[in-house]
Amino acid sequence: MPATSVGVFKIATSGPGDVSGLMSLISSGTIDPKSILAILGKTEGNGGVNDFTREYAVAALCTALAPHLNLPPHDVEQRIAFVMSGGTEGVLSPHVTVFTRRTVEARPDGRSGKRLSIGMAQTRDLLPEELGRAAQITETATAVKAAMADAGISDPADVHFVQIKCPLLTSDRIAAAAARGSKTTTTSAYASMAYSRGASALGVAVALGEIAPGIRDEDVLRRYDLFSKVASTSSGIELMHNVVIVLGNSTSSASEFEIGHAVMKDAIDAAAVMAALNSVGLGTTPRSSRELVNVFAKAEASPDGSVRGFRHTMLEDTDISATRHARAAVGGLLAGLAGNGAVYVSGGAEHQGPAGGGPVAAIARLSS
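If you're matching positions, the sequence shown starts at 1 in the UniProt record's numbering and goes up one per residue.
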C-alpha cells in the first residue's frame with residue numbers, strides 16, 4: 001500500500017535572511033525542494049508587533065525556493081506553510097526546522113507502528129473584528145480537522161503538536177473595522193496578539209474534543225480552565241488567516257521519525273520535558289538507535305504572578321516584555337535537557353496548556 005514518508009531537518013541560521021544551510025541540503029540532493037511542506041523557524045527579533053525578522057525570514061526563504069519550484073516568490077508561501085517565531089532570548093539559537101513529505105510505494109522493511117505524519121490547512125482570511133472571537137475559533141477548528149485529514153490522522157490521541165500562525169491587529173486594520181461600523185476585541189496591537197493566539201488555541205481544543213464547542217467571545221483570555229494540550233500558536237503581522245500545521249503519528253506514514261508530547265504545568269516543569277523525551281524513547285535510558293531532532297514548546301509568564309508559590313516579576317518588568325522573560329526561562333530549561341540551544345520555544349501560551357505552563361513535544365529519529 002502507498003504510504004507517506006516525512007522527513008525532518010534542523011538547520012542553524014546566522015541571521016533571519018540566511019538560507020545557505022537549506023540551499024546546501026537542496027544542492028546535495030538531501031532535500032527535494034518539491035517535497036517541502038512546512039518550515040518552522042526561530043528568528044532573533046523581539047517577538048512583538050514590530051518584529052520584522054519573521055517577515056524577512058519568510059521572504060528570504062520564498063525567494064530562494066522560488067526557482068526550485070518554478071513559482072514566483074509570492075506563490076511559494078501558498079504552497080509551503082511558514083511559521084516564524086520571533087525571539088531567541090538567553091541561550092535560544094536561531095534555526096529552522098524543515099518538514100518534507102513524499103509518497104512512497106510501501107513501508108520499508110522493519111518500519112511498523114505509527115510514525116510521524118504532517119498535515120497542513122489554512123483558514124479563510126479573517127476580518128479584523130473576528131480576531132480573538134468565536135469566528136476565529138470556529139474557522140480554526142475546521143482547519144485543524146482538514147489538516148488532520150491531510151496528515152492521515154483520524155484519532156485525536158495521535159495528534160501531538162498543532163502549530164498555528166495567526167494574525168494580529170494593526171492601527172490600519174482597526175480603522176478598517178471601525179469604518180465598517182465594527183469594533184475589534186481590543187485597540188492595542190500588542191494585546192491583539194494574545195487574543196488571536198488564545199482564540200486559535202481554543203479552536204484546536206474544540207477540533208480535538210478537548211473542550212466542548214460553543215465557546216463565547218467573552219471566554220477568550222478569561223476562562224483559563226479551557227485549553228488545548230497540544231496547541232502552539234504564534235501571532236504575526238504578515239498574514240490575515242490562520243496557517244495550521246498538524247504533527248502526529250499515523251500508520252499511513254513510513255517516516256523514520258516519531259513525535260510525542262507532554263504538558264508543562266509551569267515554566268520550570270523539567271519532569272514534563274523528560275516525559276516528552278521519554279515518549280519517543282529519549283528519556284533517562286535512551287534507546288541507542290534513537291536521536292533527538294528537536295523540541296517544541298510554549299512559554300508564558302504565569303498570570304497569577306507566582307511559580308510554585310514563589311513570586312515572579314516578569315509581568316511587572318516595564319523594560320523587558322514578559323514573553324521575552326518566559327522564552328528565556330523555558331528555553332534554558334529545554335536547552336539544558338536537550339543538550340543544545342537550537343530548540344523551538346514560542347512565547348505567549350494563552351489557552352495552550354494550563355495557565356503558566358504549555359505543551360512540549362519532541363521529535364526523534366528512530367534509526368540512522
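Where is the CB? At the ideal position from N, CA and C, for every residue including glycine. Predicted model only: the values in this text are computed from it and were never measured.
>> With a threshold of 6 Å on Cβ separation, who are the neighbours of LEU25 within its own chain once the five nearest residues in sequence on each side are excluded?
In response: As a working note, residue 25 is residue 25 in the sequence shown. Contacts found: ILE31.
> The beta strand (DSSP E) with GLN122 in it runs from where to where?
Replying inline: Within the sequence shown, numbered from 1, the residue matching residue 122 stands at position 122. That run of the beta strand (DSSP E) goes 115-122.
> Hey, would you say GLU300 sits closer than 7 Å to GLY348, going by beta carbons?
Replying inline: Working through the sequence shown from its first residue, we reach residue 300 at position 300. Working through the sequence shown from its first residue, we reach residue 348 at position 348. Against a cut-off of 7 Å, the Cβ pair of GLY348 and GLU300 comes out as a contact.
> What is the DSSP secondary structure of TYR224, reduced to helix, strand or coil?
Replying inline: For this step, residue 224 is matched to residue 224 along the sequence shown. Looking at TYR224 - three-state DSSP - the assignment turns out to be coil, as it is neither helix nor strand.
> Among ALA205, LEU92, GLU258, which one has its Cα closest to the Cα of THR233?
Replying inline: Stepping through the sequence shown from its first residue, residue 233 is reached at position 233. With distances taken between Cα atoms, THR233 lies closest to ALA205.
> In whole angstroms, what is the alpha-carbon distance linking ASP51 and GLY45?
Replying inline: Working through the sequence shown from its first residue, we reach residue 51 at position 51. Working through the sequence shown from its first residue, we reach residue 45 at position 45. Those two C-alpha atoms are separated by around 5 Å.
> If you pair each beta-carbon of the region 224-239 with each one of the region 164-176, do three or more pairs fall below 8 Å?
Replying inline: yes
> Within the present structure, is the beta-carbon of PHE52 separated from the nearest heavy atom of the ligand ZN by less than 6 Å?
Replying inline: In the structure shown, the ligand ZN is absent, as is every other ligand, since no ligand is present at all.
> Three or more beta-carbon pairs under 8 Å between the region 85-96 and the region 338-354, yes or no?
Replying inline: Output reads yes: the region 338-354 touches the region 85-96.
> From the DSSP output, which residues share a beta bridge with HIS95?
Replying inline: Counting from 1 along the sequence shown, the entry for residue 95 is found at position 95. DSSP lists ALA12, LYS42 as partners of HIS95.
> To the nearest whole angstrom, what separates the beta carbons of GLY21 and ILE36, a pair I think is in contact under 8 Å?
Replying inline: Your numbering for residue 21 matches position 21 in the sequence shown. Your numbering for residue 36 matches position 36 in the sequence shown. Actually they do not touch by this definition, with Cβ atoms about 14 Å apart.
>> Quick check on VAL360: does DSSP put it in helix, strand or coil?
In response: On the sequence shown, residue 360 is found 360 positions in, with the first residue counted as 1. Strand at VAL360.
> What residue from ARG101, ARG223, ALA191 has the CA that sits closest to SER321's CA?
Replying inline: Here residue 321 is taken as the residue at index 321 of the sequence shown, counted from 1. Considering only alpha carbons, the answer is ALA191.
>> On the CB-based measure, 16 or more other CB atoms within 10 Å of its CB, does ILE95 come out buried or exposed?
In response: Taking the sequence shown and counting its residues from 1, one reaches residue 95 at position 95. Looking at the sequence provided, one finds His at residue 95 rather than Ile. A buried status is given to HIS95, since no fewer than 16 other beta-carbon atoms sit within 10 Å of its beta-carbon.
> With distances taken from CA atoms, which of GLY198, LEU116, VAL159 is nearest ARG365?
Replying inline: Residue mapping note: residue 365 aligns to position 365 of the sequence shown, counting from 1. Cα-wise, what sits closest to ARG365 is LEU116.
> So does the region 242-255 actually touch the region 304-315, counting three or more Cβ pairs closer than 8 Å?
Replying inline: no
>> Looking at the secondary structure, which residues open and close the alpha helix (DSSP H) in which MET274 lies?
In response: Position 274 of the sequence shown holds residue 274. From DSSP, the alpha helix (DSSP H) with MET274 extends over 270-279.
>> Beta-carbon within less than 6 Å of GLY198's beta-carbon, same chain only, minus the 5 sequence neighbours each way: which residues are those?
In response: Counting from one through the sequence shown, the residue named residue 198 turns up at place 198. Counting only Cβ-Cβ distances below 6 Å, and skipping sequence neighbours, we find VAL220, LEU221, GLU350, HIS351.
>> So, at 7 Å on beta carbons, what are the nonlocal neighbours of LYS42 in its own chain, with the 5 sequence-adjacent residues on each side left out?
In response: In the sequence shown, the residue the question calls residue 42 occupies position 42. Here the set comprises SER85, THR88, LEU92, PRO94, HIS95, TYR344.
> What's the C-alpha gap between ALA326 and LEU202?
Replying inline: Taking the first residue of the sequence shown as 1, we reach residue 326 at position 326. Taking the first residue of the sequence shown as 1, we reach residue 202 at position 202. The straight-line gap from Cα to Cα measures roughly 21 Å.
> Three-state secondary structure (DSSP) at GLY248?
Replying inline: Working through the sequence shown from its first residue, we reach residue 248 at position 248. Three-state result, GLY248: strand.
>> Distance check for PHE310 and VAL6, CA to CA, integer angstroms please.
In response: Translated into the one-based positions of the sequence shown, residue 6 becomes position 6. Translated into the one-based positions of the sequence shown, residue 310 becomes position 310. For VAL6 and PHE310, the distance between alpha carbons rounds to 43 Å.
> How many whole angstroms separate the CB atoms of LEU292 and GLY283, which I take to be in contact at a CB cut-off of 8 Å?
Replying inline: Within the sequence shown, the letter at position 292 stands for residue 292. Within the sequence shown, the letter at position 283 stands for residue 283. Their Cβ separation, rounded to whole angstroms, is 11 Å, which puts LEU292 and GLY283 out of contact at 8 Å.
>> The beta strand (DSSP E) that contains MET84, what's its start and end?
In response: The sequence position of residue 84 within the sequence shown is 84, counting from 1. It spans 81-86 - the beta strand (DSSP E) in which MET84 sits, taken as one unbroken run.
> Do the CB positions of ALA262 and VAL360 come within less than 7 Å of each other?
Replying inline: For the purposes of this step, residue 262 is taken as the residue at position 262 of the sequence shown. For the purposes of this step, residue 360 is taken as the residue at position 360 of the sequence shown. Taking 7 Å as the Cβ cut-off, ALA262 and VAL360 qualify as a contacting pair.
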